[in-house]
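S.K.: The structure is given below, and queries will be raised subsequently.
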Amino acid sequence: MNHLEYVQKLDILILLRQFKMGNVLGLTPIFFDSTKKKRIALQSLPREAAGGFCNVFRPPCKAQSYLMIHENLILHNFITARITSNTKMPSDILNVKILFCIGKILGVTPLWLKTASYLTKIYVTLLTLLVVSGTFLSMNSRYRSLVDLQMSSQQAFLECSECLSELLFMLSCFLGVSCKGKAWNELFQNFLKVEDMFHYSDFKNKGSICVFATRLTLVNLTFFAVHAYEILIWEDIQEAQSASTEYGYILYRISMYYQFFTVYLTFCLTEMLRKRYQFLNSMLEEALKHKCKVVVISNKENQRVLWKLYKIQRVYTTMFKLVQSFNNVFNWILFFYFTAFVTNILVNINYVLKYTKTENGELNAKILIAYVIYSIVYIISTVAIVMSCDGVEQSGKRIAKTCFLYQEVLEKPSFKEELVLFSRFATELAPSFTAAGFFQINQPVLATLFSAVTTYLIIIIQFNMTL
């Protein structure tokens with residue numbers, strides 16, 4: 000640590016200690032450390048003069064400003080990595096950090112977040128050129144193998160569609176890194192802000208590094224096992240041309256790994272969001288109920304609940320910005336992933352219909368098993384990402400429902416009014432994920448995807464029956 004960093008760290012620590020001294024003297028508001036259950040020592044203004052959440056405590060009309068100053072100090076200290084050595088990083092944040100490091104190698108995540116590095120753009124441009132050239136070489140090799148295998152024009156069309164969907168998916172990943180540096184930076188900054196806001200709360204559901212490592216290992220083992228099994232089958236089908244055939248499917252295997260990795264990354268991020276929305280809902284319920292869903296209507300209790308509502312509102316707003324940043328980064332990536340999902344399922348089904356008609360029953364069974372496993376893996380990945388996004392959406396909406404339910408047991412009309420306003424606020428800023436704005440990623444989209452696959456499957460079967 001150089002002299003400048005030491006001075007900056009010392010200044011921040013001095014300011015934070017002065018804030019704590021101001022809490023004792025009544026000069027700064029006590030607005031954090033709820034785990035120690037400190038009593039709020041500041042006297043409140045009358046309800047008529049308060050004017051909402053931000054004016055509940057003295058110093059008058061300055062509580063929000065003090066809170067923003069404190070959060071910015073902590074955030075600056077956290078971003079510049081100047082927290083003391085005994086600070087422990089949450090498990091799920093560490094998990095995402097590991098995925099980000101892997102994503103840097105693959106070109107899925109930016110090398111640096113704060114500045115638009117020329118090295119990042121050069122690296123991503125190189126990967127883009129390799130993918131584009133590899134796509135055309137792959138299509139050429141696939142066409143030759145299809146001619147040798149006497150495949151139909153229908154299969155050629157599906158193969159071409161699969162190549163294009165793989166190309167568009169990988170281009171969306173690379174271009175998202177090079178052209179959306181600001182969105183990536185906002186995503187990272189909003190995550191840090193949310194973690195700082197949860198730092199003084201009793202949030203414990205932060206995942207496990209063992210569960211994360213197990214999931215990541217299973218994803219990689221499944222990927223390599225399925226592809227190795229398919230390669231062995233293709234060697235049995237055409238021994239002389241297996242090398243050229245496998246060369247044509249190199250891009251397919253690389254693209255599939257990119258898809259699985261991106262799905263797992265988005266799954267981890269959405270799981271983090273879901274857990275934090277659930278914790279916000281539990282904080283809201285704890286603030287609104289006392290024992291058997293009875294809210295204490297004393298003046299101090301009302302002030303305490305109002306202040307908790309204000310803190311929840313701030314966290315909820317930041318999490319809404321976090322979801323928006325997530326959509327800005329992953330919207331086109333998820334859209335082309337769903338496109339690749341549909342085309343891959345159709346290609347796998349067509350291979351099963353084509354190659355399970357040979358006289359070799361053992362080979363037919365191997366082909367059926369391989370492509371059924373491919374389809375199952377794709378379906379599991381798609382269901383996982385859709386249900387994780389749907390879980391975040393439902394957890395966010397549950398906060399508004401909690402407000403509407405608890406306003407029935409409150410006695411003060413003014414407090415009911417504040418709760419109704421908060422519920423409307425939560426409804427307007429409810430989280431939702433979209434695939435490039437074409438459709439929302441939630442549970443109903445699964446029915447749409449499977450109905451589309453079923454429709455094209457019926458068309459493929461009819462073509463095979465007529466040929």
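Using numbering that gives the first Met the number 0, you'd call the opening residue of the sequence shown number 0 and step up by one each time.
For glycine and all other residues, C-beta sits at the position ideal for the given N, C-alpha and C.
Since this is a predicted model, take the numbers as computed values, not measurements.
According to the neighbour-count rule (16 or more other Cβ atoms, all chains shown, within 10 Å of its Cβ), is Pro443 buried or exposed?
M.R.: exposed
S.K.: Just the C-alpha distance for Phe278 and Cys209, rounded to the nearest angstrom, thanks.
M.R.: 22 Å
S.K.: Would you report the Cα separation of Leu118 and Leu98, rounded to the nearest angstrom?
M.R.: Going by C-alpha positions, Leu118 is about 20 Å away from Leu98.
S.K.: Kindly indicate which three-state DSSP category Ile82 falls into: helix, strand or coil?
M.R.: For Ile82, the predicted structure reports a pLDDT of 35, less than 50, and the residue's modelled location is therefore unreliable. The matter cannot be settled from this model.
S.K.: So, at 7 Å on beta carbons, what are the nonlocal neighbours of Leu445 in its own chain, with the 5 sequence-adjacent residues on each side left out?
M.R.: So the list reads Val382 and Val385, once near-sequence residues are dropped.
S.K.: If the criterion is Cβ atoms closer than 8 Å, does the pair Gly390 and Arg275 meet it?
M.R.: no
S.K.: Just to confirm, are Lys353 and Gln154 a CB contact at a threshold of 8 Å?
M.R.: yes
S.K.: Out of curiosity, what's the CA-to-CA distance linking Gly180 and Thr108?
M.R.: 10 Å
S.K.: Given Asn441, which residues of its chain have a CB within under 6 Å of its CB, disregarding the five upstream and five downstream residues?
M.R.: Taking Asn441 as the centre and dropping the five residues before and after it, the same chain places the C-beta of Asp389 and Glu392 closer than 6 Å to its C-beta, in chain order.
S.K.: Measure the CB-CB distance between Phe222 and Phe168 and report whether it falls below 8 Å.
M.R.: Not closer than 8 Å, so no.
S.K.: If you drop the 5 nearest sequence neighbours on each side, which residues of the same chain put their C-beta closer than 7 Å to that of Thr426?
M.R.: Ala399
S.K.: Do you know how far the Cα of Tyr455 is from the Cα of Gly133?
M.R.: 28 Å
S.K.: In the DSSP assignment, the alpha helix (DSSP H) including Gln258 goes from what residue to what residue?
M.R.: Ile249 to Leu287
S.K.: Strictly by DSSP, which residues pair up with Thr401?
M.R.: DSSP output for Thr401 lists no bridge partner at all.
S.K.: Look at the Cβ atom of Leu308, then the Cβ atom of Val193, and state whether they are nearer than 8 Å.
M.R.: no
S.K.: Rounded to the nearest angstrom, what separates Leu428 and Phe190 at their Cα positions?
M.R.: Rounded to the nearest whole angstrom, the C-alpha separation of Leu428 and Phe190 is 17 Å.
S.K.: Do Ser137 and Ile249 have their C-beta atoms within less than 8 Å of each other?
M.R.: yes
S.K.: Any heavy atom of the ligand SAH inside 7 Å of the beta-carbon of Ser374?
M.R.: The model depicted lacks the ligand SAH and carries no ligand whatsoever.
S.K.: Apart from the five residues just before and just after Met196, which ones in its own chain have a Cβ nearer than 6 Å to its Cβ?
M.R.: Once the five neighbours on either side are set aside, the close Cβ partners of Met196 are Val314.
S.K.: Specify whether the region 335-355 and the region 367-381 touch according to this definition: at least 3 beta carbon pairs, one from each stretch, less than 8 Å apart.
M.R.: yes
S.K.: Please check the pair Val452 and Leu268, which I expect to be a contact at CB under 8 Å, by giving their CB distance rounded to whole angstroms.
M.R.: Contact doesn't hold; Cβ gap of about 26 Å is too wide.
S.K.: Following the continuous alpha helix (DSSP H) through Ala182, name the residue where it begins and the one where it ends.
M.R.: Gly180 to Met196
S.K.: With 16 as the cutoff for other CB atoms within 10 Å, does Cys402 come out buried or exposed?
M.R.: buried
S.K.: Closest to Leu345 by CA distance: which of Ile253, Ile457 and Ala286 is it?
M.R.: Ile457
S.K.: Do Glu229 and Asn343 come within 8 Å of each other at the CB atom, strictly closer than that value?
M.R.: no
S.K.: Could you check how far apart the C-beta atoms of Met318 and Asp91 are, in whole angstroms? I think they sit under 8 Å.
M.R.: Between Asp91 and Met318 the Cβ distance is about 14 Å, and since that is not below 8 Å, they are no contact.
S.K.: Where Tyr405 and Ser431 are concerned, what is the direct C-alpha to C-alpha distance, given to the nearest angstrom?
M.R.: Between the alpha carbons of Tyr405 and Ser431 lies a gap of roughly 24 Å.
S.K.: Does Thr108 come out as helix, strand or coil in the three-state DSSP assignment?
M.R.: coil
S.K.: Are the beta-carbon atoms belonging to Phe173 and Gly106 less than 8 Å from one another?
M.R.: yes
S.K.: Taking Ser450 as the reference, which of Ser394, Val341, Phe438 and Thr316 has the closest Cα?
M.R.: Val341
S.K.: Assign Gly395 to buried or exposed, taking buried as 16 or more other Cβ atoms, counted over all protein chains shown, within 10 Å of its Cβ.
M.R.: buried
S.K.: Given a threshold of 16 other Cβ atoms within 10 Å of its Cβ, counted over all protein chains shown, does Ser254 qualify as buried or as exposed?
M.R.: buried
S.K.: Would you grab the beta carbon distance between Thr433 and Asn330 for me? Rounded to a whole angstrom, and I think it's under 8 Å.
M.R.: That belief holds up - the Cβ atoms of Thr433 and Asn330 are roughly 6 Å apart, short of 8 Å.
S.K.: Which residue wins for smallest C-alpha separation from Phe334, given the options Val123, Leu166 and Val131?
M.R.: Leu166
S.K.: Hey, Leu287 and Ile311: beta-carbon distance below 8 Å or not?
M.R.: Judged by beta-carbon spacing, Ile311 lies beyond the 8 Å limit of Leu287, meaning their Cβ atoms are not closer than that value.
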